[in-house]
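To start, the structure under review is shown below, and the notes come after it.
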Amino acid sequence: MDDPSTHLKLSHVSKSFGYRKVVDDVNLEVCRSETFCVLGPSGCGKTTLLRMIAGLEIPESGSIEVGGRPAVLDGKLKIPPQDRGIGFVFQDLALWPHMTVWENLRFVLDARKVKQSDQKRQISDMLDLVRLSGFEKSSPESLSGGEQQRLAIARALVGGPSLLLLDEPLSSLDAHLKRHLQTELAQWLNRLRVTAVLITHDQSEAFVMADRLAIMSQGRILQVGTPQ
Numbered sequence: 001m002d003d004p005s006t007h008l009k010l011s012h013v014s015k016s017f018g019y020r021k022v023v024d025d026v027n028l029e030v031c032r033s034e035t036f037c038v039l040g041p042s043g044c045g046k047t048t049l050l051r052m053i054a055g056l057e058i059p060e061s062g063s064i065e066v067g068g069r070p071a072v073l074d075g076k077l078k079i080p081p082q083d084r085g086i087g088f089v090f091q092d093l094a095l096w097p098h099m100t101v102w103e104n105l106r107f108v109l110d111a112r113k114v115k116q117s118d119q120k121r122q123i124s125d126m127l128d129l130v131r132l133s134g135f136e137k138s139s140p141e142s143l144s145g146g147e148q149q150r151l152a153i154a155r156a157l158v159g160g161p162s163l164l165l166l167d168e169p170l171s172s173l174d175a176h177l178k179r180h181l182q183t184e185l186a187q188w189l190n191r192l193r194v195t196a197v198l199i200t201h202d203q204s205e206a207f208v209m210a211d212r213l214a215i216m217s218q219g220r221i222l223q224v225g226t227p228q
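Just so you know, our numbering puts 60 at position 60 of the sequence shown, and the rest follows in order with no gaps.
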């Protein structure tokens, strides 16, 4: 019987592009409300792994369960990306430049069919959390790098996802701002009790953020444990 504390489970997940095996027989379990980091060098398969969890790539073999439901079973898609309850922060942030800060968040709630009467409260609460109150009418381009990161995180969280995926979201920031945002992000995830998977090549970031982490190299998981 599956452990009810497990929110995400990957069993024998593999993915190749052409003749190159990018993810090779990966097994992982992530607990509810846990921040789990996958640490490894560029090109080791981290982003492909995250994209398979999100449903943006389909593994050629293996199974993925999200919230106890099979999202992929034996390499076959069972739950489409939009129905997995996942928020995603991309490395390039992928903010919508033609929308204001408020509209970037409202778009997510519209897509999830959240009632108009609830949208204002949810957006205001999220902007308060990430300290972007007062920027509602601003365009993403007018924000600083740190503010853009906050907006991308707010957009991923505003719909109340059960799982948050973060693809090296702080990699473009300078060292001081990066350390500051790492601490804040850890606090936000703890406060919201959201399950999160963060991928990074930065060992110090993994040690600051992770409840547990996996070391990944050449498509395989080498170790799993706490930072300690």
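Here a beta-carbon is modelled for each residue, glycine too, at the ideal position from N, C-alpha and C.
Rounded straight-line distance, which links the Cα of aspartate 174 to that of glutamine 182: Annotation: glutamine 182 to aspartate 174 spans about 12 Å, alpha carbon to alpha carbon.
Would you call arginine 150 buried or exposed, if buried means 16 or more other Cβ atoms sit within 10 Å of its Cβ? By the neighbour-count criterion, in which a residue is buried when 16 or more other Cβ atoms sit within 10 angstroms of its Cβ, arginine 150 is buried.
Can you list, in chain order, the residues of its chain with a C-beta nearer than 8 Å to that of methionine 1? Leave out the 5 residues immediately preceding and following it. For methionine 1, the pLDDT reaches just 38, beneath the cut-off of 50, and the residue's location in the model is therefore unreliable, although a value from the coordinates is still provided. Correct list: empty, nothing qualifies.
What runs of the alpha helix (DSSP H), each 4 residues or longer, lie entirely inside the segment 114-202? For the segment 114-202, whole alpha helix (DSSP H) runs of length 4 or above, ordered along the chain, are 116-129, 145-157, 175-192.
Between Ser16, Phe36, Ser171, which lies nearest to glutamate 57 when the distance is taken from Cα to Cα? Ranked by Cα distance from glutamate 57, the first of Ser16, Phe36, Ser171 is Ser16.
Between the alpha carbons of glutamine 122 and glycine 225, how many angstroms are there, rounded? Cα-Cα distance, rounded: 35 Å.
Check whether the Cβ atoms of leucine 93 and alanine 152 lie closer than 8 Å to each other. Yes, the Cβ-Cβ distance between leucine 93 and alanine 152 is below 8 Å.
For a quick check, are the C-beta atoms of valine 89 and phenylalanine 135 less than 8 Å apart? No, they are not a contact pair.
Considering only residues of the segment 67-111, which uninterrupted alpha helix (DSSP H) runs meet the minimum length of 4 residues and lie entirely inside it, listed in chain order? Note on the segment 67-111: whole alpha helix (DSSP H) runs with a minimum of 4 residues are 101-111, in chain order.
The segment 161-174 touching the segment 187-205, judged by at least three CB pairs closer than 8 Å: Three or more pairs of CB atoms, one per stretch, sit closer than 8 Å, so the segment 161-174 contacts the segment 187-205.
In chain order, what residues of the same chain have a beta carbon less than 6 Å from the beta carbon of glutamate 29, not counting five sequence neighbours either side? Within the same chain, Thr6, Lys9 come within 6 Å of glutamate 29 by CB-CB distance, once the 5 residues on both sides are set aside.
Around the C-beta of tryptophan 188, are 16 or more other C-beta atoms found within 10 angstroms, so that it is buried, or is it exposed? Under this definition tryptophan 188 is a buried residue.
Among Gly145, Asp211, Thr200, Ser11, which one has its Cα closest to the Cα of histidine 176? Ranking Gly145, Asp211, Thr200, Ser11 by Cα distance to histidine 176 puts Gly145 first.
Host beta strand (DSSP E) of isoleucine 215 (start-end): For isoleucine 215, the enclosing beta strand (DSSP E) has its first and last residue at 212-217.
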